[in-house]
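Single-structure report; data block below.
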Amino acid sequence: DNKTSQNMNDEDDLIEKCSKLMTVNPKDKFDKSNLNLISDNKKDKRRYKVLDQLNFYFSDENIVNDKYFRSLLQSNTEQAVKIETLLSFNKIQYLLKDINDDYKYYYLFISVKNYSNFLCLSSNNKSIKRKEEFNFSKFK
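Just so we're aligned: the sequence shown equals residues 1 to 140 in the working numbering.
Structure below.
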């Protein structure tokens, strides 16, 4: 029980440290026309690039064209992809290359949880999914 409490404190510490990497800018705004988050704050540029990349992965166009990503979504009842899996993608690795490996998971976690209008966390908080599910019945 004491060990579980310690693990939760460690996780809270990691989340807090990671949150500090992503300062909130009051000028942040959401452009609904292309589902991209936009910020005037250059310190937040990486977060928006990461979210843009995640938005692309989960976009209708990518799901239709990317057989591997589509299979990941179809293999999960929530149409969610594990954060660890997303961290293995080359473009995400490149965008997070200068972040300590211990924080990368939480960087994605917090980016989606606190800043995305298109994506959200799965029910177990270990995966990322679209807020509105992809309609596979329309896909042929």
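No residue lacks a Cβ here, since even glycine has one placed at the ideal position from N, Cα and C.
Here's the rule I'm using: 16 or more other beta-carbon atoms within 10 Å means buried, otherwise exposed. How should ASP60 be labelled? Here ASP60 is exposed. Its C-beta has fewer than 16 other C-beta atoms within 10 Å.
Report back the beta-carbon spacing between LEU119 and ARG130 to the nearest angstrom; my notes put them in contact at under 8 Å. 6 Å
Cα-Cα separation, TYR103 to SER111: 12 Å
Could you name the residues of the same chain whose beta carbon sits closer than 8 Å to that of PHE56, not counting the 5 residues immediately before and after it, in chain order? ASN62
Buried or exposed: where does GLN93 fall if 16 or more other Cβ atoms within 10 Å of its Cβ makes it buried? exposed
Identify every residue that forms a DSSP beta bridge with ILE128. DSSP lists VAL81 and LEU121 as partners of ILE128.
Boundaries of the alpha helix (DSSP H) in which LEU54 is found, first to last residue: 45-57
Any idea if GLN79 is buried or exposed, counting beta-carbon neighbours within 10 angstroms, 16 or more meaning buried? buried
Through-space distance from ASP98 to ILE128, alpha-carbon basis: 22 Å
CA-to-CA distance, ASP44 to LYS126, given in whole angstroms: 23 Å
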